[in-house]
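Trainee:
Number of protein chains: 2
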Amino acid sequence: MTSAQILQQHGIRPSLTRVMIYDYLREHRTHPTADEIYSALSPNAPTLSKTTVYNTMKLLSSEGVIKTITIEEQQARFDACTDVHGHFLCRDCGGIFDFDTELPSMKIPEGFAPSVTEIYCIGRCKGCN
Amino acid sequence: MTSAQILQQHGIRPSLTRVMIYDYLREHRTHPTADEIYSALSPNAPTLSKTTVYNTMKLLSSEGVIKTITIEEQQARFDACTDVHGHFLCRDCGGIFDFDTELPSMKIPEGFAPSVTEIYCIGRCKGCN
DNA sequence: AATAACTTTGTAATCAATACAAAATTTAGG
DNA sequence: CCTAAATTTTGTATTGATTACAAAGTTATT
Chain A
7 MTSAQILQQH GIRPSLTRVM IYDYLREHRT HPTADEIYSA LSPNAPTLSK TTVYNTMKLL
67 SSEGVIKTIT IEEQQARFDA CTDVHGHFLC RDCGGIFDFD TELPSMKIPE GFAPSVTEIY
127 CIGRCKGCN
Chain B
7 MTSAQILQQH GIRPSLTRVM IYDYLREHRT HPTADEIYSA LSPNAPTLSK TTVYNTMKLL
67 SSEGVIKTIT IEEQQARFDA CTDVHGHFLC RDCGGIFDFD TELPSMKIPE GFAPSVTEIY
127 CIGRCKGCN
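Which chain is which? The protein sequence lines are A and B, in order.
Take 7 as the starting number for the first sequence in my numbering and just add one per residue.
Take 7 as the starting number for the second sequence in my numbering and just add one per residue.
(1) My output table needs one value for Arg-32 of chain A: the three-state DSSP class, helix, strand or coil.
(2) Flag Arg-97 of chain A as yes when its Cβ comes closer than 7 Å to any non-hydrogen atom of the ligand SAM, and as no otherwise.
(3) Buried or exposed: where does Cys-99 of chain B fall if 16 or more other Cβ atoms within 10 Å of its Cβ makes it buried?
(4) Glu-79 of chain A touches chain B at which residues, Cβ-Cβ below 8 Å?
(5) Taking DSSP as the reference, what is the three-state secondary structure of Ile-18 of chain B?
(6) Output, in chain order, the set of chain A residues within a Cβ distance shorter than 7 Å of Cys-131 of chain B.
(7) With 8 Å set as the bound, which would you pick, yes or no: does the beta-carbon of Glu-124 of chain A sit closer than that to a beta-carbon of chain B?
(8) With a Cβ-Cβ cutoff of 8 Å, do Ile-77 of chain B and Asp-85 of chain B count as a contact?
(9) When DSSP labels each residue in this structure, what does Leu-66 of chain A get in the three-state scheme?
(10) Can you find the residues in the same chain that come closer than 8 Å, C-beta to C-beta, to Ile-18 of chain B, ignoring five residues on each side of it along the sequence?
(11) Could you tell me whether the region 41-54 of chain B touches the region 120-129 of chain A, using the rule of 3 or more Cβ pairs below 8 Å?
(12) For Lys-56 of chain B, name the three-state secondary structure that DSSP assigns.
(13) If Pro-110 of chain A and Leu-109 of chain B are in contact, beta carbons under 8 Å, what's the gap, nearest whole angstrom?
(14) Let me check understanding here. Comparing Cα to Cα, which of B:Gly-129, B:Asp-89 and B:Ala-82 lies closest to Asp-41 of chain B?
(15) Ser-9 of chain A and Arg-32 of chain A: beta carbons closer than 8 Å?
(16) Do Cys-131 of chain A and Gly-101 of chain A have their CB atoms nearer than 8 Å?
(17) Please name the residue or residues paired with Pro-120 of chain B in a DSSP beta bridge.
(18) Measuring CB to CB, does Ile-114 of chain B end up less than 8 Å from Phe-105 of chain A?
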């Protein structure tokens, strides 16, 4: 399915800018920061503004099209894959790796309605071990 | 067990300042920010510096005495309870609630060594529903 | 084309977190 | 004790990710 179609399904108007940003995120599974997305796209889109990247990430995230990864304290990262999976942050090299996991059996109290679940691990990755 | 004893067990010298900060966190299970801890303690500890709070949280967190909660993008929160449990962030009121959960069955690849696991949910809490 | 609605942009501001070096405190040796 | 070394704490200045905001640009509707 095209990025434009996915955006439309979530009630987001698929402007050129939004499709370009979302396309980039779908094609680069590196969990980029807003700044990295901006730097990657701005050579080919000279009028792109960093604020637009932030606006777009916020919009897509709030509509559930992407996931916002807050495993790092300094800055948010983004992931186009919304399937259930975990994120592993290496303390040494700073790399973020996906891993398979099931959702845990959570005892969310009555009346609480979660819309997003995140599973984070922090430690040392294979290369740094 | 006293806060001083716990710090010592983790190889942290239990200075008055560190014990005071850790005591506060153990007694206030509100997941406070560094700024909230500083504001709460500073009337009774006029020479306390906010930098010291940040330093202490970083030290205690890196030694596994406390948990750093990064569920919010804006600022870190801290938790003296290191038992397995999840954190629920309400999008509307901003409250953070503990919930019981088991660790999920995670397929961490060979060679990866996690030392911390976090389970976050974001949604709407009982009061806001 | 005109108007309204929405999107994008650039600049300035916010504010959590850190760097850094001086001051204060604690420890250990004589 | 007394001094020097090691550690901890402090205050100020800085960094840097994110947001506020209003102007400019674009798109849709009549």
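Cβ atoms here follow ideal geometry from the backbone N, Cα and C, with glycine treated the same way.
Mentor: On the basis of the supplied data:
(1) helix
(2) Judged by which ligands are present, the structure shown has none, so any question about the ligand SAM falls away.
(3) exposed
(4) Thr-74, Thr-76 and Ala-82
(5) coil
(6) Phe-118
(7) yes
(8) no
(9) helix
(10) Arg-24, Leu-65, Leu-66, Glu-69 and Val-71
(11) no
(12) helix
(13) 6 Å
(14) B:Ala-82
(15) yes
(16) yes
(17) A:Gly-129
(18) yes
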